[in-house]
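Residue numbers (this note's numbering): 6 to 64.
Notes for the one structure printed next.
Set out below in structure tokens:
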């Protein structure tokens with residue numbers, strides 16, 4: 006199943022550039038979805054600290 010996400014043009018362009026860089030490194034097709042998954046995986050370990058900081062800012 007797929008969903009549609011709206012992003013600004015410049016955000017899409019940056020994701021497409023990242024997908025292109027990953028494609029060159031991996032020597033295979035890389036979609037924009039793959040680029041988003043890469044960014045999520047790369048930043049997964051930072052998320053707990055981010056959420057903690059975000060909660061503290063709301064208080």
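Here a beta-carbon is modelled for each residue, glycine too, at the ideal position from N, C-alpha and C.
For the candidate residues the options, whose alpha-carbon lies nearest to that of residue i?
{"i": "residue 7", "options": "45, 53, 46, 37", "result": "37"}
Hey, how far is the Cα of residue i from the Cα of residue j?
{"i": "residue 31", "j": "residue 10", "result": "26 Å"}
{"i": "residue 43", "j": "residue 60", "result": "25 Å"}
{"i": "residue 51", "j": "residue 45", "result": "10 Å"}
{"i": "residue 29", "j": "residue 39", "result": "13 Å"}
{"i": "residue 14", "j": "residue 23", "result": "14 Å"}
{"i": "residue 48", "j": "residue 54", "result": "11 Å"}
{"i": "residue 16", "j": "residue 26", "result": "15 Å"}
Less than 8 Å between the CB atoms is what I'm expecting for residue i and residue j, so what's the real figure, rounded?
{"i": "residue 41", "j": "residue 20", "result": "7 Å"}
> Whole alpha helix (DSSP H) runs in the region 11-46 with 4 or more residues, listed along the chain?
Replying inline: 14-31
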